[in-house]
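If you count the sequence shown from 1, position 40 lands on 40 in the numbering used here, and the numbers rise without skipping.
Note that beta-carbon positions come from the ideal geometry of N, C-alpha and C, so glycine has one too.
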Amino acid sequence: MKMTTVLFAALTLASAGLSAVPIQNPSFESGESGPDGWTMASGKGRWVSGDAALGRRSVAVTGSGEDEAFWKSVPVPLDPGRPYVIRFRARRIDGSGGGTAVSGASFCNRDLGGLTADWREYRSIMTVPHGRPPAEVF
1 MKMTTVLFAA
11 LTLASAGLSA
21 VPIQNPSFES
31 GESGPDGWTM
41 ASGKGRWVSG
51 DAALGRRSVA
61 VTGSGEDEAF
71 WKSVPVPLDP
81 GRPYVIRFRA
91 RRIDGSGGGT
101 AVSGASFCNR
111 DLGGLTADWR
121 EYRSIMTVPH
131 GRPPAEVF
């Protein structure tokens, strides 16, 4: 089975009015056995040292295209109906498996597709739907 591993680093989130939204440990730098404020919620992944777009740390997910793997942050305070911009860097580090890396919130995610071996910045715009409990938002 072919497997692919993807790294993510340096996450930022801002309202469309460019106000920064506090995300715990957005560059994955702090933690003892894993990045503070983040959990490997599904599938296979790891906390990486020495390979990051900025700083020293990043997180990785590995999959075959037939499964899912993702990191989840602690809840982030977002206002329903308000647009937000999420920015981060990602790259593929090995493999030729199927599937695609996915980014974003639980209510609005984006397939990245076509990741290269070089770090690249990605940006998505999303609007928080009304009626979402905070734990389900990000």
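Gly104 is the residue among Gly104, Ala90, Arg91 whose C-alpha sits nearest the C-alpha of Tyr84. Taking the C-beta atoms as reference points, Ala101 is found nearer than 9 Å to Asp111. Apart from sequence neighbours up to five positions away, the residues of its chain that approach Asp67 with a beta-carbon distance below 7 Å are Gly43, ordered along the chain. Counted as a single uninterrupted DSSP element, the beta strand (DSSP E) harbouring Glu121 occupies residues 120-127. For Arg82, there is no enclosing beta strand (DSSP E), as DSSP marks it with neither H nor E. The beta carbons of Gly45 and Ala60 sit closer together than 9 Å. Excluding residues up to 5 positions away in sequence, Arg89, Ala90, Arg91 lie with their Cβ nearer than 8 Å to the Cβ of Arg120 in the same chain.
Ile125 counts as exposed, since fewer than 16 other beta carbons sit within 10 angstroms of its beta carbon.
Around the C-beta of Gly63, 16 or more other C-beta atoms lie within 10 Å, and the residue is accordingly described as buried. Membership of Arg46 in the beta strand (DSSP E) is indicated by the continuous run 44-49. DSSP, reduced to helix, strand and coil, places Val21 outside both helices and strands of the structure shown, so it counts as coil. Shown here for Arg56: same chain residues with a beta carbon closer than 7 Å to its own, the five before and five after excluded, namely Glu29, Ser49, Gly50 in chain order.
Around the beta-carbon of Ser58, 16 or more other beta-carbon atoms lie within 10 Å, marking it buried.
Scanning Pro80, Pro22, Thr39 for the CA closest to the CA of Gly131 turns up Pro80. When the five nearest sequence neighbours on each side are left out, the beta carbons in the same chain lying within less than 6 Å of the beta carbon of Ala41 are those of Phe70, Lys72, in order along the chain.
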